[in-house]
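Engineer:
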Amino acid sequence: MNETTGQIADEPRTELIALLNRQQEDLTQLRELAARQRQLIQGDQHDELLSLLDQRQTILERLLTRQEKINALSERVRDEPRGLDEETRRKLGHTIEGLSSCLSDIMQRDEEDQKSMERLRDESRKEINSLGNAKQAQRAYMAKRHAARDPRFSDRKG
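Quick note, this note's numbering runs 987 ahead of the 1-based positions in the sequence shown.
(1) Could you tell me the distance, in whole angstroms, from the CA atom of arginine 1065 to the CA atom of glycine 1085?
(2) Looking only at C-alpha atoms, which of Tyr1128, Ile1083 and Ala1022 sits nearest to glutamine 1054?
(3) Can you find at least 3 beta carbon pairs, one from the segment 1033-1051 and one from the segment 1007-1022, that sit closer than 8 Å?
(4) Can you round the beta-carbon distance between glutamine 1024 and leucine 1036 to whole angstroms, since I take them to be within the 8 Å contact cut?
(5) Please report how far the alpha carbon of glutamate 1098 lies from the alpha carbon of serine 1111, in whole angstroms.
(6) Measure the C-alpha to C-alpha separation of isoleucine 1046 and leucine 1014 and round it to an integer number of angstroms.
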């Protein structure tokens, strides 16, 4: 704490702002990957989609690790009664609103993409089932054809 102003020293405040800015950068990158994910799903590009999901996982892990640090710093700043000046509070509030908006957008896209993938899965399942039904019908037809070739009546000698 700065003895003359009664405010928290610049270091934790600066670190908090820097961490939040890095969160914003990662969330922006995650949003871009979410848009690309949608294209890959619609284009049935499964290998590329798996690669993209790996990239997203790496970013998510960074976000979660960094969030722990942000929570600790926020608590530290919050515990000081006059820890942040009004301008810094406003900047942090604006940054946090941006993070929240970006995260909401990503979550909405992910939910829509999940529904698309479920729909595609159901369509694939129907196609596979129809192939199985077609094979059963073909086998039944072939069995009747072979049965018709066999003699129906024969004497003891055959």
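Beta carbons: idealized from backbone N, C-alpha and C, even for Gly.
Structural biologist: Answer, in terms of the structure:
(1) Whole-angstrom Cα-Cα distance: 20 Å.
(2) Ile1083
(3) Touching, per the Cβ criterion.
(4) For a cut-off of 8 Å, the C-beta gap from glutamine 1024 to leucine 1036 is around 7 Å, short enough to register as a contact.
(5) 20 Å
(6) 8 Å
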